[in-house]
Amino acid sequence: MADKSTMVIFSGDLDKAIASFIIATGSAAMGSDVTMFFTFWGLNILRKSEKVPAKKTFLENMFGRMMPRGPEQLGLSKMNMGGLGSKLMKRIMRKKNIATLQELMETAQDLGVKIIACSMSMDVLGITEAELIDGIEYAGVATYLAEADQAKLNLFI
Amino acid sequence: MADKSTMVIFSGDLDKAIASFIIATGSAAMGSDVTMFFTFWGLNILRKSEKVPAKKTFLENMFGRMMPRGPEQLGLSKMNMGGLGSKLMKRIMRKKNIATLQELMETAQDLGVKIIACSMSMDVLGITEAELIDGIEYAGVATYLAEADQAKLNLFI
Amino acid sequence: MADKSTMVIFSGDLDKAIASFIIATGSAAMGSDVTMFFTFWGLNILRKSEKVPAKKTFLENMFGRMMPRGPEQLGLSKMNMGGLGSKLMKRIMRKKNIATLQELMETAQDLGVKIIACSMSMDVLGITEAELIDGIEYAGVATYLAEADQAKLNLFI
Numbered sequence: 000m001a002d003k004s005t006m007v008i009f010s011g012d013l014d015k016a017i018a019s020f021i022i023a024t025g026s027a028a029m030g031s032d033v034t035m036f037f038t039f040w041g042l043n044i045l046r047k048s049e050k051v052p053a054k055k056t057f058l059e060n061m062f063g064r065m066m067p068r069g070p071e072q073l074g075l076s077k078m079n080m081g082g083l084g085s086k087l088m089k090r091i092m093r094k095k096n097i098a099t100l101q102e103l104m105e106t107a108q109d110l111g112v113k114i115i116a117c118s119m120s121m122d123v124l125g126i127t128e129a130e131l132i133d134g135i136e137y138a139g140v141a142t143y144l145a146e147a148d149q150a151k152l153n154l155f156i
Numbered sequence: 000m001a002d003k004s005t006m007v008i009f010s011g012d013l014d015k016a017i018a019s020f021i022i023a024t025g026s027a028a029m030g031s032d033v034t035m036f037f038t039f040w041g042l043n044i045l046r047k048s049e050k051v052p053a054k055k056t057f058l059e060n061m062f063g064r065m066m067p068r069g070p071e072q073l074g075l076s077k078m079n080m081g082g083l084g085s086k087l088m089k090r091i092m093r094k095k096n097i098a099t100l101q102e103l104m105e106t107a108q109d110l111g112v113k114i115i116a117c118s119m120s121m122d123v124l125g126i127t128e129a130e131l132i133d134g135i136e137y138a139g140v141a142t143y144l145a146e147a148d149q150a151k152l153n154l155f156i
Numbered sequence: 000m001a002d003k004s005t006m007v008i009f010s011g012d013l014d015k016a017i018a019s020f021i022i023a024t025g026s027a028a029m030g031s032d033v034t035m036f037f038t039f040w041g042l043n044i045l046r047k048s049e050k051v052p053a054k055k056t057f058l059e060n061m062f063g064r065m066m067p068r069g070p071e072q073l074g075l076s077k078m079n080m081g082g083l084g085s086k087l088m089k090r091i092m093r094k095k096n097i098a099t100l101q102e103l104m105e106t107a108q109d110l111g112v113k114i115i116a117c118s119m120s121m122d123v124l125g126i127t128e129a130e131l132i133d134g135i136e137y138a139g140v141a142t143y144l145a146e147a148d149q150a151k152l153n154l155f156i
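Protein chains in written order, with numbering that gives the first Met the number 0: chain A, 0 to 156; chain B, 0 to 156; chain C, 0 to 156.
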């Protein structure tokens, strides 16, 4: 029987997202069933980079407008320096042939990592399903807890 | 025998506090024994909103004066914009009939979630027992570790 | 058979570092095998305080120059106020006879806590082995995952 790992991805920072997906793909490559539960700012990692038209109230639109859309727009948790830091880190990683966040996310999906977007957070931040990448699931905290209950490794990032 | 979950609540941000208590109440509702260990800035979540007179040295008083007192004063970890962001999030949650942090905390206590304030952090940040909400316990890291040792789900938030 | 605990130390903040090492030393003192895996900004905790000459490309040198070197230079995750907050916290902890981060790190090593620096992060941030403290190991995420797989307590800090 395969081991199980879960991660709550609360943060929407580029560096934490990279760390999450390195752990997730590593764990999946070693035979684990991995579930990532994206909540609050973590949802921004799953956003498509293009603007998706959606009918929202003014209030619902507030956060959505200001938040980054997808991996390319995420900032660092430290030393972001208005985006300079994240540009620098991406450039270094490219030079050293380390996978980008987009590539890590594709690898994760190829390896069968289950990606769940937290439906309550989507509601609060005014994010619709059409705005998020394909091949993911939508669920609430009960689904996460049921997975975590069977897992050996559980992280909150 | 019931499952057990523990959480270290290090952060005092409103969004992370909401996420913590949603996980805690969800886990307790599904039959788990839940222990939340509040340390460092996480203690601010447990502070009463009113000013409580306490005899403190000047140094002890420094952090206490500057830190938020309770759920109503907490800011967001991202996009707080001087308090505007947290006001906006609270307004959206009210509109969508999602429980407030105060309500989640009461539900947690009703469901028997054990809330422990880290005594060493209280000492460092100059917070007294009288300043914290009722119905909680006071203990050190050894108590947390003993609980975590028996738990299946352990998170650091 | 001894219990096992692992921690990913992603953050390089003084307060989170103190919390990590209090949990690590407490867990080790209670008989657990503890492994701490330092990645991204967490590597700054392991840096020697003195400048170590190293041959680096301009790009590799960018992060290394700007990042704090060791426990003495770390800031707080909240209320750092340009270093004032971390000075204040260190002063309070000294007054109350609480171990400093340096002392906690020495105790951890004395208790046999295994400290691993993430080799990929060192590469990205341009940090060499000579710049980090003695008595530590160097490895990648697979090593961390193998340890976590056997551990009961796993935290991401």
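All residues carry an ideal CB built from backbone N, CA and C; glycine is no exception.
Values in this document were obtained by computation on a predicted structure and should not be read as measured data.
Under the three-state reduction of DSSP output, residue 94/B falls in the helix class.
Of all C-beta pairs linking the segment 44-51 of chain B to the segment 125-141 of chain B, three or more are shorter than 8 Å, placing the two stretches in contact.
A direct Cα-Cα distance of roughly 29 Å separates residue 94/C from residue 73/B. What residue 63/C touches in chain A, judged by beta-carbon distance under 8 Å, is nothing: the nearest beta carbon there is about 11 Å away. Against chain B, a Cβ distance below 7 Å from residue 21/C picks out 140.
Contact of residue 36/B with chain A by beta-carbon distance below 7 Å is absent, the smallest such distance being about 14 Å. Residue pairing by DSSP places residue 116/C opposite 37/C and 137/C in a beta bridge.
Here residue 113/C is not near residue 2/C, since their CB atoms are 8 Å or more apart. Between residue 36/B and residue 126/B, the C-beta spacing is not below 8 Å.
Here DSSP, grouped into helix, strand and coil, assigns residue 154/A to strand.
In the DSSP assignment, residue 6/B forms a beta bridge with 35/B and 154/B. In its chain, beyond the 5 residues on either side, 115 have a beta carbon closer than 7 Å to the beta carbon of residue 142/B. Counting only the Cα atoms, residue 5/B lies some 19 Å from residue 148/C. Pairwise C-beta distances place the segment 59-79 of chain B in contact with the segment 7-16 of chain B, as three or more of them are shorter than 8 Å. Here the segment 95-103 of chain A lies against the segment 16-35 of chain A, with 3 or more beta-carbon pairs under 8 Å apart. Residue-level contact check: residue 9/B does not touch chain A, since none of the beta carbons of chain A fall below 8 Å from its beta carbon. In this chain, the alpha helix (DSSP H) harbouring residue 13/A covers 13-28. Distance between residue 67/A and residue 43/A, taken at the CA atoms: about 6 Å. Residue burial is scored here from C-beta neighbours: residue 65/A has fewer than 16 other C-beta atoms within 10 angstroms and is therefore classed as exposed. Secondary structure at residue 124/A: helix, using DSSP grouped into helix, strand and coil.
Taking a Cβ-Cβ cut-off of 9 Å, the neighbours of residue 88/B in chain A comprise 62, 123 and 124, given in sequence order. Listed along the chain, the chain A residues whose CB falls inside 9 Å of the CB of residue 54/B amount to none; the nearest CB is some 37 Å away.
Sequence-distant Cβ neighbours of residue 154/B in its own chain, meaning closer than 6 Å and more than five residues away, are 6. Under the DSSP assignment, residue 65/B falls in the alpha helix (DSSP H) whose first and last residues are 57-65.
Between residue 144/B and residue 25/C, the beta carbon gap of about 5 Å places them in contact (Cβ cut-off 8 Å). Exclusion of the five residues before and after residue 41/A leaves 8, 9, 10 and 11 as the residues of its chain whose Cβ lies within less than 7 Å of its Cβ. For residue 58/A, the neighbours in chain B by C-beta distance under 9 Å run, in chain order, 87, 90, 91 and 94. Interface with chain B (8 Å Cβ-Cβ cutoff): residue 44/C is excluded. In this structure, DSSP gives residue 75/A a state outside helix and strand, which the three-state scheme calls coil.
Around the beta-carbon of residue 84/A, 16 or more other beta-carbon atoms lie within 10 Å, marking it buried. Minimum Cα-Cα distance from residue 20/A among the listed residues 146/A, 120/A, 104/A and 121/A corresponds to 104/A.
Contact between residue 139/A and residue 118/A holds: their C-beta atoms lie close to 5 Å from each other, under 8 Å.
Excluding residues up to 5 positions away in sequence, 38, 39 and 42 lie with their Cβ nearer than 7 Å to the Cβ of residue 120/C in the same chain. Taking residue 78/B as the centre and dropping the five residues before and after it, the same chain places the C-beta of 84 closer than 7 Å to its C-beta, in chain order.
With contacts defined by Cβ atoms closer than 8 Å, residue 80/C and residue 123/B do not form a contacting pair.
Within the same chain, Cβ atoms closer than 6 Å to the Cβ of residue 62/A are found at 124 and 125, the five residues on either side in sequence being excluded.
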